[in-house]
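In terms of this note's numbering, the sequence shown is numbered consecutively and its last residue is 320. Ideal Cβ placement from N, Cα and C applies to all residues, glycine included.
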Amino acid sequence: MPTKMPARFTDATAARKHLEALLWAEGRPCAHCGVLDESTALKGKSTRPGVYWCNACQKPFSVTVGTVYEGSKIPLNTWLYANHLLCSSKKGISGHQLARMLGVTYKSAWFMGHRIRAAMAPVPGSEPPLGGEGKVVEADEAYIGKKDGKRKHPGAGGYGHKRTVLSLVERGGKIRSFKLGGSSRDHVAPVIRANVHPDSALHTDGAQVYRGLAITKGHASVDHAKEYVRQGSAGPVHTNTLEGFFSIFKRGMVGTYQHCGEQHLDRYLAEFDFRMNHRVKLGYSDDMRADVALQGIAGKRLTYRRTNAA
Numbered sequence: 011m012p013t014k015m016p017a018r019f020t021d022a023t024a025a026r027k028h029l030e031a032l033l034w035a036e037g038r039p040c041a042h043c044g045v046l047d048e049s050t051a052l053k054g055k056s057t058r059p060g061v062y063w064c065n066a067c068q069k070p071f072s073v074t075v076g077t078v079y080e081g082s083k084i085p086l087n088t089w090l091y092a093n094h095l096l097c098s099s100k101k102g103i104s105g106h107q108l109a110r111m112l113g114v115t116y117k118s119a120w121f122m123g124h125r126i127r128a129a130m131a132p133v134p135g136s137e138p139p140l141g142g143e144g145k146v147v148e149a150d151e152a153y154i155g156k157k158d159g160k161r162k163h164p165g166a167g168g169y170g171h172k173r174t175v176l177s178l179v180e181r182g183g184k185i186r187s188f189k190l191g192g193s194s195r196d197h198v199a200p201v202i203r204a205n206v207h208p209d210s211a212l213h214t215d216g217a218q219v220y221r222g223l224a225i226t227k228g229h230a231s232v233d234h235a236k237e238y239v240r241q242g243s244a245g246p247v248h249t250n251t252l253e254g255f256f257s258i259f260k261r262g263m264v265g266t267y268q269h270c271g272e273q274h275l276d277r278y279l280a281e282f283d284f285r286m287n288h289r290v291k292l293g294y295s296d297d298m299r300a301d302v303a304l305q306g307i308a309g310k311r312l313t314y315r316r317t318n319a320a
């Protein structure tokens with residue numbers, strides 16, 4: 011028996027009310043001056059529903075002003091449906107598939123996807139360090155696609171032609187992924203230092219780049235040429251959490267998205283990080299995950315021109 015689609019995905023008014031309830035839970039702030047609850051709803055035949063007039067700064071605003079949805083002609087219920095699809099698709103959803111399901115052009119679907127990914131990304135510097143006393147943080151790098159303008163020559167080894175991704179995950183908790191300019195210690199160490207609590211136990215593989223790091227209280231490594239987990243003095247030593255994450259990420263990038271320009275990689279990482287950070291194991295359902303993403307649209311803008319900027 012087919013499941014009835016929620017009204018917020020089929021009706022623009024229901025979608026607007028759902029978004030207002032999420033973003034204005036503590037009152038209705040003006041999108042221009044920030045004054046709280048000093049606005050009145052504009053009414054009239056020439057005024058669309060959901061527009062308010064700020065009595066403080068004398069400017070009109072709606073729930074989408076100052077968000078990644080601002081200026082879009084796509085109906086709000088279509089936006090909420092797209093947001094839900096992206097939040098509930100473990101390996102992502104391609105622009106072509108999104109276009110078919112939403113009934114919009116591929117160009118619109120592609121741009122919508124990137125605006126939703128921008129909403130998923132945390133505000134830089136807003137999150138505390140990963141780990142802490144008695145906690146384990148895993149660190150590992152992966153190599154994806156190829157750098158723009160680079161190609162691997164026949165017989166050449168290494169990963170110099172690929173893009174480097176470093177991920178850090180608090181075991182049983184949240185993850186953060188970063189696009190790096192290279193895979194040397196000069197690229198890796200500053201990111202770990204800025205994002206991992208010094209009292210954490212750091213677990214890595216046996217790569218040369220991690221040897222001798224004196225960033226955290228403890229550091230243990232596992233040699234993947236011999237084993238994938240070993241028993242350490244304080245418990246199992248492994249990076250299996252990140253191995254599983256990279257497996258999903260690579261399948262999504264190769265199987266779903268197929269190609270990713272270097273200027274877009276940060277947003278794709280934000281998408282996969284977001285789903286990992288709001289997974290079922292941490293108590294999130296698909297609906298809850300989608301609502302968290304909607305709460306992230308405020309204070310962010312992404313124009314089509316900026317989307318393609320590196």
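To the nearest angstrom, report how far apart V290 and L112 are at their CA atoms. 26 Å
Exposure label - L178; buried when at least 16 CB within 10 Å: buried
Does the beta carbon of W34 sit closer than 8 Å to a beta carbon anywhere in chain C? Considering every chain present, this structure includes no chain C. It has just one protein chain.
Starting from R173 and walking both ways along the alpha helix (DSSP H), at which residues does that stretch end? Here R173 belongs to no alpha helix (DSSP H); instead the beta strand (DSSP E) covers R173 to E180.
Could you tell me the boundaries of the alpha helix (DSSP H) in which L29 lies? A22 to L33
In angstroms, rounded to a whole number, what distance separates the CA positions of A129 and L304? 7 Å
Just how far apart, CA to CA, sit E30 and V73? 6 Å
What's the gap between the Cα of R110 and the Cα of L212? 44 Å
According to DSSP, Y8 sits in a beta bridge with which residue or residues? The shown model of the chain, from 11 to 320, leaves out residue 8, and the question about it has no answer.
Please state if the CB of A131 and the CB of G76 are separated by a distance shorter than 8 Å. no
Alpha carbon to alpha carbon, how far is G309 from V78? 8 Å
Buried versus exposed call for G2 [16 or more other C-beta atoms within 10 Å across all chains shown]: With the chain covering 11 to 320 only, the question about residue 2 has no answer from this structure.
Among K236, D21 and R285, the one whose alpha carbon lies nearest that of F255: R285
For P89, count neighbouring Cβ atoms within 10 angstroms of its own Cβ and tell me buried if that reaches 16, exposed if not. For the record, residue 89 in the displayed sequence is Trp; it is not Pro. Per the 10 Å Cβ criterion, buried.
Excluding sequence positions up to five away, which residues of its chain have a Cβ less than 6 Å from the Cβ of L25? Correcting the residue identity first, residue 25 is Ala in this sequence and not Leu. R18, L86, N87 and L90.
According to DSSP, simplified to helix, strand and coil, what is D47? coil
Could you spell out the range, first to last residue, of the alpha helix (DSSP H) harbouring P200? R195 to N205
So, are the CB atoms of Y278 and Y294 less than 8 Å apart? no
What's the gap between the Cα of T174 and the Cα of M15? 40 Å
Taking C-beta to C-beta, are Y238 and S231 nearer than 8 Å? no
Assigned exposure category for T251 - 16 Cβ within 10 Å defines buried: buried
What residues in its chain sit with their C-beta under 6 Å from that of S98, if we drop five residues either side in the sequence? D296
Option nearest G155 by Cα separation, candidates G60, S243 and M263: M263
Does the distance from the CB of I202 to the CB of I185 come in under 8 Å? no
Limits of the beta strand (DSSP E) - the one that V239 falls within: V239 to G242
Burial state of C64, where buried means 16 or more other Cβ atoms lie within 10 Å: buried
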